[in-house]
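Q: Keeping their order, the protein sequence lines are chains G and X. Under numbering that gives the first Met the number 0, residue 225 is the last one in the first sequence; the count climbs by one each step, no gaps. Under numbering that gives the first Met the number 0, residue 225 is the last one in the second sequence; the count climbs by one each step, no gaps. For every residue, glycine included, the Cβ atom is placed at its ideal position computed from N, Cα and C. The model shown is predicted, which means the values in this text are computed figures rather than measured ones. The structure under discussion is supplied below as structure tokens; questions concerning it will follow.
Protein chains: 2
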Amino acid sequence: MSRLLVVDDEFRIRQIIRKYAEFEGYTVEEAVDGMQAIEICRKEEFDLIIMDVMMPELDGFSACREIRKFRSTPIIMLSARGEEYDKIHGFELGSDDYVVKPFSPKELMMRVSAVLKRANGNQNPEQKNDVFTYEGLSVDFSARIVTIDGKRIGMTPKEYELFFYMVKNKGLALTREKLISEVWGYDFFGDERTLDTHIKLLRKSLGEYSKCIVTLRGVGYRFETV
Amino acid sequence: MSRLLVVDDEFRIRQIIRKYAEFEGYTVEEAVDGMQAIEICRKEEFDLIIMDVMMPELDGFSACREIRKFRSTPIIMLSARGEEYDKIHGFELGSDDYVVKPFSPKELMMRVSAVLKRANGNQNPEQKNDVFTYEGLSVDFSARIVTIDGKRIGMTPKEYELFFYMVKNKGLALTREKLISEVWGYDFFGDERTLDTHIKLLRKSLGEYSKCIVTLRGVGYRFETV
DNA sequence: GTTATATTTGAAAAAATTATGAAAACTGCC
DNA sequence: GGCAGTTTTCATAATTTTTTCAAATATAAC
């Protein structure tokens, strides 16, 4: 089930959210301010973050902005009624929804499930913001994260570059020359078989989804989603 | 700029939304109930629909569900405070957001712009691959994929090249010399029968569509789509 | 029908391409 | 300088494709 991070300085609020969220089957972690939230996010990945706007140490907006630099986790902001200015900024920096305090826990849970549904690509399996999803595979271009069935796949820099380029050009026949010049640079003068080796590594990393990388004999490769 | 459809039975509400929306530069059309909304949507396409939940004739949910059958226009639902049940269903059937009445027009506009942004971002700038189609046969040049009745045909590199060249020059009589020099290169010095063999393989791959490859005795071949 | 010429076809050899494993070279970092 | 992780090289294996070639078949002209 999905993992949530609840960020709020008030114990009461965290407690309530945790209670409802766990009832819904989510796993919950907590942070008391933006600073702590960032730290936790660096170490772990969540499916969704619920974050208060007003917090000591580091407010929700700044934290949101910071986290977005390396994660694309959906964020629901909590703001006190009347903070119209806040709302605007919440949207501007890409939080996925916001809920006005005092909120009904039930409503919040609805939002959570809606945002998660959206994020998990229950819609058409095309790319969303900057994330590509296909079945259990998801590629977050901005965060440089590839996950398979929710589990993060560690990839080396070259693997990322090669894979990202292929995914961005999914469905197209990419020649070896094109791939090499795009990923290694037009002045690459190395061995002929280097690309093959990286395709091999990439396929290994992709596990079952290596099926998406098709060899086009005599031409190159193609990433496809059947 | 974007076109909005505002669906609400109260004139006051439509008036307010129209005023703010037009101020933001949107074009606005109105409908007074779900039935009318569906009719209008059948005829025209909008970028976003703002729809009240409680309406005479046909409520917002039913309308939403109906419209979604033939349109994927984003929908923002308006619901009266406390209609918790409504909210749930609004999300379930795929409205993109909802706003609680009484709402602040400014907030509504924020939502509108957020949803529109999301919707536009989601469009994957699908490259229009150049594809040739004839009855059940289709040739996707950029993806290097040939399908017959939806099923993919595996072809070897030479088959592809030969076939692609013939399809691109469909309807033309192609001499053996021309075909060989185009596909093999002008410096091909191989056997006379090599081309024949590849035509044979190609015809085999094409199944019923091998009828499209006509032998021009004494000359060469022609791909034709009668 | 016969004949001369051209095309089709099947099978097997030859050639080409890609996959892979292992080792070497390189990188950034203590 | 030594490590751990990456990237590249390279030889070998595995696989696929291309070509050859001879026999079979078809076609058109006579």
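Ignoring anything shorter than 4 residues or poking outside the segment 15 to 63 of chain X, list the alpha helix (DSSP H) runs there in chain order.
A: The qualifying runs are 33 to 42.
Q: What residue does the beta strand (DSSP E) around residue 139/X start on, and which one ends it?
A: Translated into the one-based positions of the second sequence, residue 139/X becomes position 140. Run containing residue 139/X: 136 to 139, per the beta strand (DSSP E) assignment.
Q: List, in order along the chain, the chain G residues whose C-beta lies closer than 8 Å to that of residue 143/X?
A: For the purposes of this step, residue 143/X is taken as residue 144 along the second sequence, with counting starting at 1. 172, 215, 218 and 221, listed in chain order.
Q: Return the Cβ separation of residue 104/G and residue 19/G in integer angstroms, given the expectation that the two are a contact with Cβ distance under 8 Å.
A: Walking along the first sequence from the start, residue 104/G turns up at place 105. Walking along the first sequence from the start, residue 19/G turns up at place 20. The pair is a contact, with the Cβ atoms about 4 Å apart (cut-off 8 Å).
Q: What are the residues of the segment 145 to 165 of chain X that lie near chain G, defined by any Cβ-Cβ distance shorter than 9 Å?
A: Going along the segment 145 to 165 of chain X in chain order, one finds 155, 156, 157, 159 and 160 with a Cβ nearer than 9 Å to chain G.
Q: Taking only the alpha-carbon atoms, compute the straight-line gap between residue 146/X and residue 131/X and give it to the nearest angstrom.
A: Within the second sequence, numbered from 1, the residue matching residue 146/X stands at position 147. Within the second sequence, numbered from 1, the residue matching residue 131/X stands at position 132. Roughly 10 Å between the two C-alpha positions.
Q: Residue 154/X by DSSP, collapsed to three states: which one?
A: Along the second sequence, read from residue 1 onward, the residue named residue 154/X stands at position 155. In this structure, residue 154/X counts as coil in the three-state DSSP scheme.
Q: Quick test of your reading: residue 16/G and residue 5/G, contact by CB under 8 Å. State the CB separation rounded to the nearest angstrom.
A: Position 17 of the first sequence, counting from 1, holds the residue named residue 16/G. Position 6 of the first sequence, counting from 1, holds the residue named residue 5/G. So it is a contact: roughly 5 Å between Cβ atoms.
Q: Is residue 154/X near residue 204/X, with beta carbons less than 7 Å apart?
A: On the second sequence, residue 154/X is found 155 positions in, with the first residue counted as 1. On the second sequence, residue 204/X is found 205 positions in, with the first residue counted as 1. Yes, the pair counts as a contact, with Cβ atoms nearer than the cut-off.
Q: Quick one: Cα of residue 220/G to Cα of residue 169/G, how far?
A: Locating residue 220/G in the first sequence gives position 221, counting from the first residue. Locating residue 169/G in the first sequence gives position 170, counting from the first residue. Distance between the alpha carbons of residue 220/G and residue 169/G is about 10 Å.
Q: By Cβ distance, which residues of its chain are closer than 7 Å to residue 174/G, with the 5 residues on each side in sequence left out?
A: Within the first sequence, residue 174/G is the residue found at index 175, counting from 1. For residue 174/G, where only same-chain residues beyond five positions count, the Cβ hits under 7 Å are 218 and 219.
Q: For a test of the three-state rule: what should DSSP assign to residue 217/X, helix, strand or coil?
A: Taking the second sequence and counting its residues from 1, one reaches residue 217/X at position 218. Three-state DSSP puts residue 217/X in coil, outside helix and strand.
Q: Between the alpha carbons of residue 162/G and residue 9/X, how many angstroms are there, rounded?
A: As a first step, residue 162/G must be located in the first sequence, where it is residue number 163. As a first step, residue 9/X must be located in the second sequence, where it is residue number 10. Rounded to the nearest angstrom, the two C-alpha atoms are 53 Å apart.
Q: Tell me the DSSP secondary structure of residue 162/G in three-state form.
A: By 1-based counting over the first sequence, the position of residue 162/G is 163. Note: residue 162/G maps to helix in three-state DSSP.
Q: Could you check where the beta strand (DSSP E) with residue 146/G kicks off and where it finishes?
A: Along the first sequence, one-based indexing puts residue 146/G at 147. Where residue 146/G is concerned, the enclosing beta strand (DSSP E) stretches over 144 to 147.
Q: Can you give me the Cβ contacts of residue 24/G inside the same chain, cut-off strictly under 7 Å, excluding the 5 residues immediately before and after it?
A: One-based indexing of the first sequence puts residue 24/G at position 25. The answer, listed in chain order, is 0.
Q: For residue 152/X, which residues of its own chain have a beta-carbon under 7 Å away from its beta-carbon, when the five flanking residues on both sides are left out?
A: By one-based count along the second sequence, residue 152/X stands at place 153. The answer, listed in chain order, is 145, 146 and 204.
Q: With a threshold of 7 Å between beta-carbons, can residue 0/X be considered close to chain G, or not?
A: Position 1 of the second sequence, counted from the start, is the residue given in the question as residue 0/X. Answer no: the Cβ-Cβ gap between residue 0/X and chain G never drops below 7 Å.
Q: Keeping to the same chain, check which residues put their C-beta closer than 8 Å to that of residue 28/G; ignore five residues upstream and five downstream.
A: Here residue 28/G refers to the residue found at position 29 of the first sequence. These residues qualify, in order along the chain: 2, 3, 4, 5, 39, 43 and 45.
Q: With respect to the beta strand (DSSP E) encompassing residue 225/X, which residues constitute its N-terminal and C-terminal limits?
A: Stepping through the second sequence from its first residue, residue 225/X is reached at position 226. Run containing residue 225/X: none; DSSP gives neither H nor E here.
Q: Relative to the C-alpha of residue 226/G, which residue among 138/G, 148/G and 149/G is closest?
A: The structure shown does not extend to residue 226/G, since chain G is modelled only from 0 through 225, so no value can be given for it.
Q: Just the C-alpha distance for residue 134/G and residue 112/G, rounded to the nearest angstrom, thanks.
A: For the purposes of this step, residue 134/G is taken as the residue at position 135 of the first sequence. For the purposes of this step, residue 112/G is taken as the residue at position 113 of the first sequence. Cα to Cα, residue 134/G sits roughly 19 Å from residue 112/G.
Q: Could you have a look at residue 128/G and say whether DSSP puts it in helix, strand or coil?
A: Locating residue 128/G in the first sequence gives position 129, where the first residue counts as 1. Reliability of the predicted coordinates at residue 128/G is poor, the pLDDT of 47 falling under 50, and the value obtained from them is presented with this limitation in mind. In this structure, residue 128/G counts as coil in the three-state DSSP scheme.
Q: From the DSSP output, which residues share a beta bridge with residue 74/X?
A: Here residue 74/X refers to the residue found at position 75 of the second sequence. For residue 74/X, which the question treats as bridged, DSSP gives the partners 48/X.
Q: Give the straight-line distance between the Cα atoms of residue 192/X and residue 202/X, rounded to the nearest whole angstrom.
A: In the second sequence, the residue the question calls residue 192/X occupies position 193. In the second sequence, the residue the question calls residue 202/X occupies position 203. Residue 192/X and residue 202/X: Cα-Cα distance of roughly 15 Å.
Q: Give me whichever residues DSSP pairs with residue 212/X in a beta bridge.
A: Along the second sequence, one-based indexing puts residue 212/X at 213. 222/X, per the DSSP bridge assignment.
Q: Measure the C-alpha to C-alpha separation of residue 52/G and residue 141/X and round it to an integer number of angstroms.
A: In the first sequence, the residue the question calls residue 52/G occupies position 53. In the second sequence, the residue the question calls residue 141/X occupies position 142. When rounded, the distance between both Cα atoms is 48 Å.
Q: Can you give me the start and stop residues for the beta strand (DSSP E) that residue 3/G sits inside?
A: Here residue 3/G refers to the residue found at position 4 of the first sequence. Counting along the chain, the beta strand (DSSP E) containing residue 3/G begins and ends at 2 to 6.
Q: Mind checking residue 73/X: buried by the 16 CB within 10 Å criterion, or exposed?
A: To locate residue 73/X, count along the second sequence from 1; it is residue 74. The residue is buried, with at least 16 neighbouring Cβ atoms inside 10 Å.
Q: Can you tell me which of the three DSSP states residue 171/X falls into?
A: To locate residue 171/X, count along the second sequence from 1; it is residue 172. In this structure, residue 171/X counts as coil in the three-state DSSP scheme.
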